[in-house]
Each structure stands twice: as structure tokens, then as C-alpha cells.
Amino acid sequence: MGLRHTESGRPLPLPNPTTQPFFDAAREHRLALQRCPRDGFFYYPRSRCPHCLGDDWAWETCSGEGEVHSFTIDRVGHVPALREYAPFAIAIVELANGPRITARLVDVSVDDVAIGMPVEPAFEDVDGITLVHFRPRA
Ligand SMILES: [Zn+2]
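This is the structure we're talking about:
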């Protein structure tokens, strides 16, 4: 996936034809993932199922409910344009329907992040694109 940068230097994804449906759904604050009829959901977006290499998958909207599988804390702001958000947690979220998604955790203190914490998607509209983060699930 390509990147572009805002005027402040914040890196943002640059959708391509393969990833565009993911970002179209995100713009509507939906999490859409590809689902293979044999192997189920997979992520990240790609042209073929990573298990059977089939191309007969379809996009489906998911609840996005999952839990924190693993995480790390950026206390420095390694990307200068993200320094204002530090410290923040970057997690590998395991969705209830299978795939794992790496994303920033929002609406939570880094001291409260824990493995197994229930999370749901949180959408951020920024500079013409919508990013998918995760936040604690009530
Ligand atoms: Zn498959």
C-alpha cells in the first residue's frame, strides 16, 4: 500500500484498486473485509485468498469486534507528525471472525491497555480519507 503525507507530515494510506473498497466502507464508518467462501475472512486486502489462492471472495461488512492479541506502546512518537498522540498503543487486534489487524488504539490510556481487552473499530476522518483504529468495547 502506498503512502502520502499531509502538510504536517502525517503519513496516510494511498488506496489502490485492491484496497479502495476497504476505504470506501471506512468512509461510511463500516469495517469491510474480504471473505473467501472456503476459508473465511482475511486481511489485509489482496487479490487472492491467502489460503487457497482463490479469487471468488467477496467484500462483507463486519462488526469488527475483537480483542487485543498483542500490543506495543510508542512513548516517543517515532513519526514526528504523530508525536502529539504519544504515548499511544499499537495493537494486533484479533477479530472474532478470524483475521488479525494491526491498528492504533484510541480512547484509552496506554496504562489501561491489556492483552485480551475487548475492542471495536473506531473511525477517524482525516484529510479526505478515513482511518480504522480500535477502541475499548463497552
Ligand atoms: Zn480461500
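Here the sequence shown is numbered in the numbering used here, starting from 170 and rising by one per residue.
The beta carbon of each residue, even a glycine, is placed where N, CA and C say it ideally should be.
All values derive from a computational prediction rather than experimental measurement.
| task | Compare the beta carbon distance of Gly-246 and Ala-255 with 8 Å and say whether it is the shorter of the two. | result | yes
| Per the contact definition of three or more C-beta pairs closer than 8 Å, is the segment 288 to 300 in contact with the segment 227 to 239? | yes
| query | Whose C-alpha, out of Val-295, Val-262, Ala-227, is nearest the C-alpha of Thr-187? | reply | Ala-227
| message | Tell me which residues share the same chain as Asp-276 and place their Cβ nearer than 6 Å to its Cβ, disregarding the 5 neighbours each side in the sequence. | response | Arg-304
| Terminal residues of the continuous alpha helix (DSSP H) containing Arg-306? | That residue, Arg-306, is in no alpha helix (DSSP H); it is neither H nor E in DSSP.
| What did DSSP end up calling Leu-200 once you bin it into helix, strand or coil? | strand
| said: On the DSSP bridge list, what partners appear for Trp-228? | reply: Gln-203
| request: Compare the C-alpha of Thr-241 against each of Thr-175, Gly-267, Pro-219, Val-262 and name the closest. | output: Val-262
| message | Can you find the residues in the same chain that come closer than 6 Å, C-beta to C-beta, to Ile-270, ignoring five residues on each side of it along the sequence? | response | Tyr-212, Val-262
| message | Taking 7 Å as the cut-off, is the beta-carbon of Gly-223 closer than that to any non-hydrogen atom of ligand 1? | response | yes
| request: Take His-308 and list the residues in its own chain whose beta-carbon comes closer than 6 Å to its own, dropping the five residues that flank it on each side. | output: Past the boundaries of the shown model lies residue 308; the chain is included only from 170 to 307, so the question cannot be answered.
| task | Below 8 Å on the Cβ atoms is my guess for Pro-202 versus Glu-176; work out the distance and round it to an integer in Å. | result | Residue identity check: residue 202 is Leu in the sequence provided, not Pro. No, Leu-202 and Glu-176 are not in contact; Cβ-Cβ is about 32 Å, not under 8 Å.
| message | Classify Ala-260: buried if its beta carbon has 16 or more other beta carbons within 10 angstroms, exposed otherwise. | response | buried
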